[in-house]
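Heads up: the sequence shown is residues 7 to 102, going by this note's numbering. Virtual Cβ for every residue (Gly too), placed ideally from N, Cα, C. Since we're looking at a predicted model, the values are computed, not measured. Below you'll find the structure, written out as structure tokens, and then a few comments.
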Amino acid sequence: MANYKLTQKADDDLVDIFNYGIEHFGVDTALAFYHELSSMFEKISSSPNHFQAVEEIRPSYRRAVFKTYSIYFIERHDFIEISRVVRKGDLRLILS
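Here's what the structure looks like:
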């Protein structure tokens, strides 16, 4: 099994995404989207180098795209750190 950890900001991002989904699309759709999005973390941790390097944002950062969201992560010594999960192009959140 792949090894990854979410930062507090990434965890907060997921809560916000889930709550937005419930509010706009209903619980069932929000849950389905949340599970699809979360499954990306396994894919990322299994093959992190498969995803685009975005060193211009932060050194060693990579980005995986899932629908309208970008997942920013960094490869640590023994795990993948999922740093942020934000709408594509929302760089102000990544830099905060």
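Q. Below 8 Å between beta carbons: does that hold for Ala16 and Gly27?
A. no
Q: For my contact list, Tyr75 and Val91 are in at a C-beta cut-off of 8 Å; report their separation, rounded to the angstrom.
A: 6 Å
Q) Would DSSP call Met7 helix, strand or coil? A) Here the model assigns Met7 a pLDDT of 42, short of 50, so the residue's position is not dependable, and the following value carries that caveat. The answer is coil: DSSP assigns Met7 none of H, G, I, E or B.
Q: Check Ser53 in the structure and name its three-state DSSP category.
A: coil
Q) If you follow the beta strand (DSSP E) that Phe79 is part of, which residue opens it and which one closes it? A) Tyr75 to Glu81
**Q.** Environment of Ser51 [buried if 16+ CB atoms lie within 10 Å]
**A.** buried
Q. Just reading off the alpha helix (DSSP H) that Ile23 is part of, what are its end residues?
A. Gln14 to Phe31
Q) Helix, strand or coil: which one does DSSP assign to Ser89? A) strand
Q) Ile77 and Arg69: beta carbons closer than 8 Å? A) yes
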